[in-house]
Amino acid sequence: MNLKTDDYLNKLDDILKRSLEQLVISQEDIFKIGEEARKEYNRTKQMLGDLKRELAETIDVVDKMTKLEKKARLNLVQVSKNFKKYDEEDIKESYDKASRMQLELTLKIEEEKQLRAKRDEMERALRSINETLRKADNLTIRLSTVIDYLESDMNILSEQLKGLQEKQVVGMRIIRAQEEERRRIARDIHDGPAQMLANIIIMTEICDKKAQQNDFGGVKQELGDLKEAVRMVLKEMRKTIYDLRPMALDDLGLIPAIKKYVSRFNIESEKQIRFVVIGEEVLPRYLDTTLFRIIQEGIANVEKHSQAKNVNIKLETGMEYVNLIIEDDGQGFHLQDITLDKENSLGLGLSGIKERARLMDGEAKIESKPGHGTRIFVRIPISDRGRA
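Yeah, the sequence shown ends on 1514 if you go by the working numbering, and it's all consecutive.
This is the structure in structure tokens:
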């Protein structure tokens, strides 16, 4: 029986290794596609900006030429009516000028039309490239999660083959939680620092053009804007790093870390959070990250979706359970309308909260109605092993 079990496990390990190798190759290929798409996106975006500026200049020229052409036609009418004042040569000259202006205007209008069509086509291409980039990033994140899981220690699986199904369920929960976390981080970096860095590249190119034109006043102004943009990128990166793992959580513990996070949020946001702790029981360290992430996700949902002005967070510690309540006075929603697909960040956020609580053998309940805000209740048991 043991030999048969070992044979199964060896075959399973071999399948996992070969699958892992193919996944790594696929991940590298997808990453390369994503990088090429990112380069093409930035190049197309810059070309689109140049094209829009050219189109704006052409529109301005067309407007001016339209006025001049109209003036030339009116002049032709006046000259043609006044035979006493103007001779045939004057009439011919006015006619030639009006015809020339009309031809030039027609050509310029056609040029404007072509530029508009080219702009529309380039905007469609930009959207298509951005969609390709988004899909490549999502696939890379998913593959990275799967690879991490396959590379993890498989000895637990080999100890008891009978527990494979249970371990698989737990593993899939971990994968889902990791994937949601990585998607959130990727989204935050893409929407924040990555976009800012792309803008900085464009700003440096503008500085270069102004320097070549000896427009040193413009260069000075652009450098000032560039300095401010770099400061904003640094601020966003520090925020992202803090969100990954707040140092205060390790240095000071859960309660001070939450207070610091809430204080920073209250300074930077128009919404106000009130944080209350009930009970004096010291929580085991293994719960710190889970509770902090649940609060962090709850605050993120409030910031993005609730339109609330006030948020109350209550953490209640006891001998056997820790209870957490996050409630706001926002717009609320129908629970049945919330889906858990990748396009719904609210649904993913609530799912992440439930998943984190479930991984700690706890539970999370969501209560909400339109116009009555949202209430999140989390209860997690405290094990004796965790206290020890």
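The C-beta atom is built at its ideal place from N, Cα and C for all residues, glycine as well.
*Using 10 angstroms around the beta-carbon of residue 1337, count the other beta-carbons present and answer buried if the total reaches 16, otherwise exposed.*
exposed
_CB contact flag (residue 1405, residue 1444, <8 Å)_ = yes
_Within 10 Å of its beta-carbon, does residue 1497 have 16 or more other beta-carbons around it, so buried, or fewer, so exposed?_
exposed
*asked:* Between the alpha carbons of residue 1482 and residue 1391, how many angstroms are there, rounded?
replied: 22 Å
*Look at the Cβ atom of residue 1461, then the Cβ atom of residue 1494, and state whether they are nearer than 8 Å.*
yes
*CA-CA distance, residue 1330 and residue 1350?*
11 Å
_On the CB-based measure, 16 or more other CB atoms within 10 Å of its CB, does residue 1427 come out buried or exposed?_
buried
*So with Cβ pairs under 8 Å, would you call residue 1189 a contact of chain D?*
Judged by its chain identifiers, the structure shown contains no chain D, having just a single protein chain.
*Going by CA-CA distance only, name the one from 1475, 1459, 1420 that's closest to residue 1505.*
1420
*Cα-Cα separation between residue 1247 and residue 1166, rounded to whole angstroms*: 15 Å
*Leaving aside the five residues before and after residue 1308 along the sequence, list all residues of the same chain whose C-beta is less than 6 Å from its C-beta, in chain order.*
1267
*Report the residue from 1509, 1144, 1259, 1204 whose alpha carbon sits nearest the alpha carbon of residue 1156.*
1259
_With distance defined between alpha-carbon atoms, name the residue in 1255, 1396, 1433 nearest to residue 1524._
Within the shown structure, residues of the chain are numbered from 1127 to 1514, placing residue 1524 beyond reach of any answer.
*asked:* What would DSSP say about residue 1401, mapped onto helix, strand or coil?
replied: strand
_For residue 1466 and residue 1242, what's the separation of their Cα atoms in angstroms?_
For residue 1466, the predicted structure reports a pLDDT of 46, less than 50, and the residue's modelled location is therefore unreliable. A value from the coordinates is still provided. Using only the alpha carbons, I get a separation of about 40 Å.
*Assuming residue 1216 and residue 1205 form a contact by the criterion Cβ under 8 Å, report the distance between their Cβ atoms to the nearest whole angstrom.*
6 Å
*asked:* Rounded to the nearest angstrom, what separates residue 1362 and residue 1311 at their Cα positions?
replied: 12 Å
*CA-to-CA distance, residue 1486 to residue 1409, given in whole angstroms*: 13 Å
*Where does residue 1494 sit, in a helix, a strand or coil, going by DSSP?*
strand
*asked:* Which of the three DSSP states is assigned to residue 1446 in this structure?
replied: coil
*How long is the line joining the alpha carbons of residue 1356 and residue 1346, rounded to whole angstroms?*
15 Å
*asked:* On the DSSP letters alone, give me the boundaries of the alpha helix (DSSP H) that residue 1459 sits inside.
replied: Run containing residue 1459: none; DSSP gives neither H nor E here.
*asked:* Let me check understanding here. Comparing Cα to Cα, which of 1314, 1230, 1223 lies closest to residue 1430?
replied: 1314
_Cα-Cα separation between residue 1435 and residue 1478, rounded to whole angstroms_ = 24 Å
*Could you pull out every residue in the same chain whose Cβ sits closer than 6 Å to the Cβ of residue 1280, ignoring the five residues on either side in sequence?*
Low local confidence applies: a pLDDT of 47 at residue 1280 is under 50, so the model's placement there is unreliable, and no value is given.
*Nearest neighbour of residue 1333, chosen from 1322, 1319, 1321, 1353 [CA to CA]*: 1353
_I need the straight-line Cα distance from residue 1470 to residue 1191, nearest angstrom please._
For residue 1470, the predicted structure reports a pLDDT of 46, less than 50, and the residue's modelled location is therefore unreliable. The matter cannot be settled from this model.
*Nearest-angstrom Cα distance between residue 1458 and residue 1501?*
9 Å
*Can the beta-carbon of residue 1380 be found closer than 8 Å to that of residue 1414?*
yes
*Who pairs with residue 1507 in a beta bridge, going by DSSP?*
1447
*asked:* Mapping the DSSP letters down to three states, classify residue 1349 as helix, strand or coil.
replied: helix
*Environment of residue 1148 [buried if 16+ CB atoms lie within 10 Å]*: exposed
*For the candidate residues 1178, 1433, 1150, 1234, whose alpha-carbon lies nearest to that of residue 1195?*
1234
*Would you call the CB atoms of residue 1393 and residue 1439 closer than 8 Å?*
no
*Cα separation between residue 1183 and residue 1222?*
27 Å
*asked:* Relative to the C-alpha of residue 1176, which candidate in 1244, 1448, 1250 has its C-alpha closest?
replied: 1244
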